[in-house]
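Under the numbering used here, the first residue of the sequence shown is numbered 981, with each subsequent residue one higher. Reading through the structure tokens given below for one structure.
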Amino acid sequence: MIYKDLAKLELPPILKPGSEAKDWPQRRKELIELFSREEYGFSPPPPSFTGSKVLKSETGNSWAGKAEYREVELTVPTPKGDFSFPVDFVLPYSENVPLIIYLSFTKYPIGKYCPIEELIDGGYALATFCYDDVTEDKEDDFSSGLAAMFERRNDGTDWGKISMWAWAASRVMDYALTLDSIDKKRIFCAGHSRLGKTALWCGAQDERFAAAVSNNSGCSGAAVTREKTGERVEHITKSFPYWFCVNYKKYIGKEETMPFDQHQLVALLAPRPVYVASASEDLWAGPESEFLSCLAADEVYKLLGLEGLSHDGRYPEPGEFLHGGNIGYHLRSGPHFLSRYDWQMFMRFMDKHLL
Ligand code: GCU
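Rendered as structure tokens:
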């Protein structure tokens, strides 16, 4: 299968003409500002501190004796007082363990999408929180959870809920950095679908994340918007306006005028590893458009002297994976889902690239 000609898409450039490696940190800042202003909204700066309280710790039989289960409540100061949310940790009895911060749709032990014991057996620790505990995934006029703790400016750039969930994942990182058994250089975030969009935006902004994984994240996630089939800006901003800042609506039906596109979001992970996973029947998300972002982001890794996407010029067949460079990609055969196959692929890639 041949993919669309990238040049014909006329994507906004990731790099400015004549860029050198030393220019990337400044360009990263500009792109984060652009995504904040036009798509996800501006996040507040990190809080002055992130407090923690261990609510529960289970050892003994927990996870077949292989790991501690720990429930922690994190608390941050906000303009309207303290805000707390629960986070669950599964911490293998081992040293220098890499950690996955998994943004979840459900509360621990998190149901169909997360095979906890397989992750432990793969050598990873897990931190997870339910996004609804941060702010509810519904149009509620920003009245729930973290959303209610900040005044809104109503200038089109106020943060949407994707930015809020991403900000919360960074608070989990604050706490993770205090854990003795965790390898602080190998902490990455991961999410599926709307939370895959969130994981990319989180990793893009917060360079303490060593990598980010987005599974089937599609529109406003990993997929290039220009000429995308399936979900478009029009659909997503009508069904889920509160995920974004108001400015994003300007681009309904005018995607070709956007001064940004999602390949730049994937590129914002550079020089760190980034993983994009697609599913062959997930036409709403747009697997080919997700792949195109990886292809386009490759130029930044090259500029930085690294291998980005290692590929042979073909769009992968279902079941193929590209793990040679720092941009990982696979096309799972089947529909929209976060499957055990996907997790196995993420671990395999991270084992190779998170060093
Ligand atoms: C909807 C939405 C997608 C999103 C998905 C999900 O399908 O249109 O953008 O990724 O929900 O989060 O499951």
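In this text, a Cβ means the ideal position worked out from N, Cα and C, and glycines have one as well. Since the model is a prediction, treat every value here as computed from it, not as a measurement.
Exercise for review: Rounded to whole angstroms, what's the CA-CA distance from Pro1261 to Ala1203? Just pull it up for me.
Suggested key: For the sequence presented, residue 1261 should be read as Glu rather than Pro. Taking the Cα positions, Glu1261 is about 15 Å away from Ala1203.
Check your understanding: When the distance is taken between beta carbons, is Val1077 closer than 9 Å to Arg1050?
Key -> No, they are not a contact pair.
Point to revise | Identity of the residues DSSP links to Gly1031 by a beta bridge | key: Gly1031 is bridged to Thr1055.
Check your understanding: Would DSSP call Val1193 helix, strand or coil?
Key -> Val1193 falls in the strand class under three-state DSSP.
Practice item. Could you tell me the distance, in whole angstroms, from the CA atom of Leu1286 to the CA atom of Arg1166? Key: As the crow flies, the alpha-carbon of Leu1286 is around 18 Å from that of Arg1166.
Review point. If you count every other CB in all the chains shown that lies within 10 Å of the CB of His1215, and 16 or more means buried, which is it?
Key: Burial state of His1215 is exposed, judged by a 10 Å Cβ sphere holding fewer than 16 other Cβ atoms.
Review point. In chain order, which continuous runs of the alpha helix (DSSP H) of length 4 or greater are located wholly inside the segment 1041-1118?
Key: If we require 4 residues or more, the alpha helix (DSSP H) runs fully inside the segment 1041-1118 come out as 1096-1101.
Review point. Across which residues does DSSP place Val966 in a beta bridge pair?
Key: Shown here, the chain extends from 981 to 1335; a query on residue 966 therefore has no answer.
Check your understanding: Of all the options Ala1257, Glu1268, Pro1251 and Pro1298, which has the alpha carbon lying nearest to the alpha carbon of Trp1004?
Key -> Comparing Cα-Cα distances from Trp1004 to each of Ala1257, Glu1268, Pro1251 and Pro1298, the minimum goes to Pro1251.
Check your understanding: Is Tyr1020 closer than 9 Å to Cys1274 when the C-beta atoms are compared?
Key -> For Cys1274 and Tyr1020, no; Cβs fall outside 9 Å.
Exercise for review: Look at the Cβ atom of Gly1103, then the Cβ atom of Asp1331, and state whether they are nearer than 9 Å.
Suggested key: It is a contact, given that the beta carbons lie within the stated cut-off.
Review point. How would you label Tyr1073, buried or exposed, when you count the other beta carbons within 10 angstroms and need 16 or more for buried?
Key: Exposed is the call here.
Review point. Out of curiosity, what's the CA-to-CA distance linking Ile1387 and Asp985?
Key: A query on residue 1387 cannot be resolved here, the shown segment of the chain reaching from 981 to 1335 and no further.
**Study point:** CB of Pro1298 within 9 Å of CB of Ser1313, strictly
**Key:** Yes, they are a contact pair.
Exercise for review: Please work out which residues of its chain come closer than 7 Å, Cβ to Cβ, to Leu1157, disregarding the five sequence neighbours upstream and downstream, and give them in chain order.
Suggested key: Only Lys1164 meet the Cβ criterion.
Exercise for review: Verify the contact flag: His1316, CB atom, against every heavy atom of the ligand GCU, threshold strictly below 8 Å.
Suggested key: At least one heavy atom of the ligand GCU sits closer than 8 Å to the Cβ of His1316.
Check your understanding: Given Asp1068, which residues of its chain have a CB within under 6 Å of its CB, disregarding the five upstream and five downstream residues?
Key -> Correct list, in chain order: Glu1051, Tyr1088 and Thr1108.
Point to revise | Residue(s) in a DSSP beta bridge with Arg1312 | key: Per DSSP, Ala1259.
Check your understanding: What whole-angstrom Cβ distance do Arg1206 and Leu991 have, given they're in contact under 8 Å?
Key -> Sure, about 6 Å apart at Cβ, within 8 Å.
Practice item. Check whether the Cβ of Thr1211 lies closer than 8 Å to any heavy atom of the ligand GCU, and answer yes or no. Key: The question names Thr, yet the displayed sequence has Glu at residue 1211. For Glu1211, the shortest separation between its Cβ and any heavy atom of the ligand GCU lies below 8 Å.
Check your understanding: Beta carbon of His1333, beta carbon of Ala1191: below 9 Å?
Key -> With respect to Ala1191, His1333 sits close: the two C-beta atoms are nearer than 9 Å.
Review point. Considering Gly1243, what are the terminal residues of the beta strand (DSSP E) in which it resides?
Key: Reading off the sequence, residue 1243 comes out as His, not Gly. Note, His1243: premise wrong, no beta strand (DSSP E); alpha helix (DSSP H) at Gln1242 to Ala1247.
Check your understanding: Between which two residues does the beta strand (DSSP E) harbouring Gly1171 extend?
Key -> Unbroken beta strand (DSSP E) run through Gly1171: Ile1162 to His1172.
Exercise for review: Along the alpha helix (DSSP H) that carries Val1152, what are the first and last residues, could you check?
Suggested key: Note, Val1152: alpha helix (DSSP H), Lys1141 to Ala1156.
Point to revise | Beta-carbon proximity of Ser1219 to Ser1197, cut-off 9 Å | key: No.
**Study point:** Whole-angstrom distance between Leu1014 and Gln1242, CA atom to CA atom
**Key:** When the Cα atoms are used, Gln1242 and Leu1014 turn out to be separated by approximately 12 Å.
**Study point:** Closer than 8 Å: His1243 CB and nearest the ligand GCU heavy atom
**Key:** Here the distance from the Cβ of His1243 to the nearest heavy atom of the ligand GCU is not below 8 Å.
Exercise for review: Let me know the secondary structure DSSP gives Glu1038 once reduced to three states.
Suggested key: It is a strand residue.
Review point. Buried or exposed: Phe1189, going by 16 or more other Cβ atoms within 10 Å of its Cβ?
Key: With a threshold of 16 other beta carbon atoms within 10 Å, Phe1189 meets it and is buried.
Point to revise | Closest Cα partner of Val1256 within the set Asp1322, Tyr1082, Ser999 and Gly1040 | key: Checked all of Asp1322, Tyr1082, Ser999 and Gly1040; the closest Cα to Val1256 is Asp1322.
Review point. Within 10 angstroms of its Cβ, does Thr1039 collect 16 or more other Cβ (buried), or is it exposed?
Key: Residue burial annotation: Thr1039 is exposed, with fewer than 16 other C-beta atoms found within 10 angstroms of its C-beta.
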